[in-house]
Amino acid sequence: MTEIIYAGLVDNSTLDYPKKITAVVYLCGCPYRCPWCQNKDLLTMNSPNCRKTDTKEIIKELQENYLIEAVCVTGGEPLMQEETLELLKEIKKETKLLLKIDSNCYYPKRLMKALPYLDYFTTDVKAPLDQRYGKVAGLPEQWEEIVAKVKESHEILKKWDNPKEARTTIIPGLLETKEEIRETAGIVKEVGFTEYTIQQFRPENTLDPSYEKKQSPPRELMAELAREAKKKLPNTRVQIVTLEGGFEEIKNK
Ligand code: SF4
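Read in order, the letters of the sequence shown are residues -12 to 240 in my numbering.
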């Protein structure tokens, strides 16, 4: 029996795996404290929303759901718990579902062990790989350690040939300029991500309440930043996601 700290499962998302109806498994714990995070109830293992469960219970729920074609394991940071590796292994062994995780690249050794079970991988490229990364992750003092781990994970991902998506959130006062997006797009290119999603910060239920007073960047700015990224990434699918327009692909001019 493997126990894992888990916050629940959403049955049939259409947003969490490209073109597939997906179950989303929410695991607890995250090493970062992004001030703009909207999953604040999942960041610690002892959050009232989190409970221990046997991985077999999660597998059973997935097996009983005849609608889904894929499963996305997310958090928090799913690789914070070593037991997640067992969960991924069991999902692949006990179901025929396509499998994806959303990870922040803080655990390169666990990432290496997880990749053989995965069909798809999504991660944040939160900022250029310097002090700014620590600031966006809410841990400015630890930026060197964080950047070293993210870089180690990127080296592993470079050798992994399945589809992989990078995401950057545009956050007022933290990450919002064309120059910053040119730099993050450069990372996306170097690692060989197949998809790049630029998403809009939302001022709702944020970890740092002062972020609830900030404005979402407008769709026009999002599109402008994505066009800047696309110049660096002519062969990568680049898209924005906004409240106003949903998902929109940005094409070469
Ligand atoms: S947004 Fe940051 S703090 Fe929130 S779950 Fe993701 S990595 Fe963790």
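Cβ atoms here follow ideal geometry from the backbone N, Cα and C, with glycine treated the same way. Note that the coordinates shown come from a computational prediction; the quantities given were computed from them, not determined experimentally.
Within the DSSP secondary-structure output, D89 pairs in a beta bridge with T109. For R154, the enclosing beta strand (DSSP E) has its first and last residue at 151 to 157.
Within its own chain, the residues whose Cβ lies closer than 6 Å to the Cβ of E182, once the five positions on either side in sequence are excluded, are E152, R224, listed in chain order. 8 Å or more divides the Cβ of G125 from the Cβ of R189. Counting only residues of its own chain and dropping the five nearest sequence neighbours on each side, Q202 has a CB closer than 8 Å to the CB of P159, P190. DSSP, reduced to helix, strand and coil, places Y(-7) within a strand of the structure shown. E70: not part of any beta strand (DSSP E); DSSP gives it neither H nor E.
According to the DSSP assignment, E177 belongs to the alpha helix (DSSP H) that extends over 165 to 178. Across the structure, N26 and R38 are spaced so that their CA atoms are roughly 16 Å apart.
With contact defined as three or more Cβ pairs closer than 8 Å, the segment 29 to 48 and the segment 95 to 115 are not in contact. At least one heavy atom of the ligand SF4 lies less than 7 Å from the C-beta of C21.
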